[in-house]
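Working notes for the structure below.
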């Protein structure tokens, strides 16, 4: 079974951390390596990867390091479409608002070579990833290093083939459950793409009593076959930090006992990321280390490719699909708790948590959500994989935009949403307002998948990007309708009141 290999330009600092510290992560804009294989000069690579961004450490006549990384069936990648401001992003219903030279077309071109560009969410590298250095005027690149998985890490070919490993996180990459314990894992696939041999990895000698042996890289590892593994999956943890949607990629406790999280922004909006002072590591890659207590709405989900699922998971998935079909026949999307795994290309078990009480948003606002979801589903294309609605409201001003993603990754705008949907959004805002405290939300994002998975995210502080800005009267009306405590009035809002 052939495996797609992606190509990404790597900053000199990142290359150093890969080879010397064993960093095992990748994220950002990527292209299919095979489609750009003829571009080998530093000038061509500089243009291909859009390396002339502000503050770029790259130059067209300087060495450029290129990462080749085989794809994983659990990775999340989306087309790099959008614009450099809200207007240009909305025009194409794109995924990103990013700084130039990003053009939002979803493609890059050098001469006659044209290739699609995707944005890869932060994840662990795959076995066989290779780092190359292209030098000005040289026909062939230098092979700097090879990544051999969490057991061995990076092999530095420029330093006597020494190994460098990093402590693997269970919040990125493969995880295996064996005898009730979970381990960071490497998975070897057979020709059909099904797991065959799994390598369990531990950073400590304690695992020796369980049959682990020390590797040349200093980690402890043990190989098992698929039948010995109870569950095999990739963990995906999401949360909100100061209203910004993020993926949690590390969970650590320091020597003083303070719990911290490493977060990766999935807002896909440079304005939002910069406003919150996240660290920009690469174009469209924003991260930060924060206190765990600063996170809200933390949701853990398992991603399980169909060929990895156990018979029990497949059975539950089939049962879930039958329930979904029954809900569809009744004429309404299911908003029931999604406890049963969904057997499909990727399993993402999100939705209303088991045991949610009457105050949970999915329960408290069920009626409005059903109207909104039905309105979206009525206008999506036949091959849709996800639909989303973005509502911005303040005073008497309200704007609603909606779009859908099709099976081939195309983003399309949705029209004809209907008056009842708009009324349901307005009622959702009014009913969820915290008058006298945070007030009502300014932005709400609602997404739905064909399986019935529904997500609601709201923000009470970030200034919306308006098509038509609210009037000064709208700001006063907003406070009259939905009073806020003084410390919950954002500076940008207060400026309009002062005016």
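Residue numbers (the numbering used here): 59 to 557.
For each residue, glycine too, the CB sits at the ideal point set by N, CA and C.
Computed from a prediction, not measured in an experiment: that's the story for all the values here.
Where residue i sits in the DSSP three-state scheme
i: residue 308; result: strand
i: residue 551; result: helix
i: residue 531; result: helix
i: residue 452; result: strand
i: residue 285; result: helix
i: residue 517; result: strand
i: residue 177; result: strand
i: residue 231; result: coil
i: residue 145; result: helix
i: residue 393; result: At residue 393, the pLDDT of 39 sits below 50, so the modelled position is not reliable; the number obtained from the coordinates is stated separately. Coil, per DSSP.
i: residue 169; result: coil
i: residue 240; result: strand
i: residue 485; result: helix
i: residue 201; result: strand
i: residue 314; result: coil
i: residue 433; result: helix
i: residue 469; result: strand
i: residue 326; result: coil
i: residue 127; result: strand
i: residue 258; result: strand
i: residue 350; result: helix
i: residue 538; result: helix
i: residue 438; result: coil
i: residue 457; result: strand
i: residue 545; result: helix
i: residue 366; result: helix
i: residue 421; result: helix
i: residue 480; result: helix
i: residue 525; result: coil
i: residue 275; result: coil
With 16 other Cβ atoms within 10 Å as the buried cut-off, status of residue i
i: residue 481; result: exposed
i: residue 269; result: exposed
i: residue 487; result: buried
i: residue 245; result: buried
i: residue 74; result: exposed
i: residue 164; result: buried
i: residue 389; result: Legend: pLDDT at residue 389 = 47, less than 50; position of this residue unreliable, value from coordinates given subsequently. Burial call: exposed.
i: residue 195; result: exposed
i: residue 206; result: buried
i: residue 211; result: buried
i: residue 264; result: exposed
i: residue 556; result: exposed
i: residue 454; result: exposed
i: residue 473; result: exposed
i: residue 331; result: buried
i: residue 123; result: buried
i: residue 262; result: exposed
i: residue 139; result: buried
i: residue 145; result: exposed
Residue i - partner residues in DSSP beta bridges
i: residue 122; result: 192
i: residue 294; result: 359
i: residue 163; result: 139
i: residue 157; result: None; residue 157 has no bridge partner.
i: residue 214; result: 203 and 220
i: residue 345; result: 322 and 337
i: residue 512; result: 506
i: residue 246; result: 255
i: residue 492; result: 497
i: residue 462; result: 445 and 470
i: residue 63; result: 128
ask   = For the 8 Å Cβ check, are there 3 or more pairs between the region 323-332 and the region 293-309?
value = They touch, by the three-pair rule.
key: Touching by the beta-carbon criterion (3+ pairs, under 8 Å), the region 504-524 and the region 543-550   = Segments in contact, yes.
ask   = In chain order, which continuous runs of the beta strand (DSSP E) of length 3 or greater are located wholly inside the region 70-118?
value = Complete beta strand (DSSP E) runs here, min 3: 83-90.
message = Under 8 Å: do the region 458-465 and the region 527-534 share three or more Cβ pairs, one atom per stretch?
response = These segments do not touch.
query = At a cut of 8 Å, does the region 284-295 reach the region 231-239 through at least three beta carbon pairs?
reply = The answer is yes - the region 231-239 touches the region 284-295, with three or more Cβ pairs under 8 Å.
ask   = Touch check for the region 129-141 and the region 170-178: three-plus C-beta pairs under 8 Å?
value = Verdict: yes, contact present.
query = Between the region 250-269 and the region 196-205, do three or more beta carbon pairs fall short of 8 Å?
reply = The region 250-269, when compared against the region 196-205, does not touch it at the 8 Å Cβ threshold.
query = Does the pairing of the region 213-231 with the region 66-84 give three or more beta-carbon distances under 8 Å?
reply = Cβ pair count under 8 Å is three or more, so yes.
Segment contact flag, the region 333-344 with the region 86-97, C-beta cutoff 8 Å, min 3 pairs = The region 333-344 vs the region 86-97: in contact.
query = Can at least three beta-carbon pairs, one atom from the region 96-115 and one from the region 358-372, be found at a separation below 8 Å?
reply = Three or more Cβ pairs closer than 8 Å define a contact, and the region 96-115 falls short of that threshold against the region 358-372.
ask   = Would you call the region 275-291 and the region 155-169 touching, i.e. three or more CB-CB distances under 8 Å?
value = Between the region 275-291 and the region 155-169, the count of Cβ pairs shorter than 8 Å is below three; the stretches do not touch.
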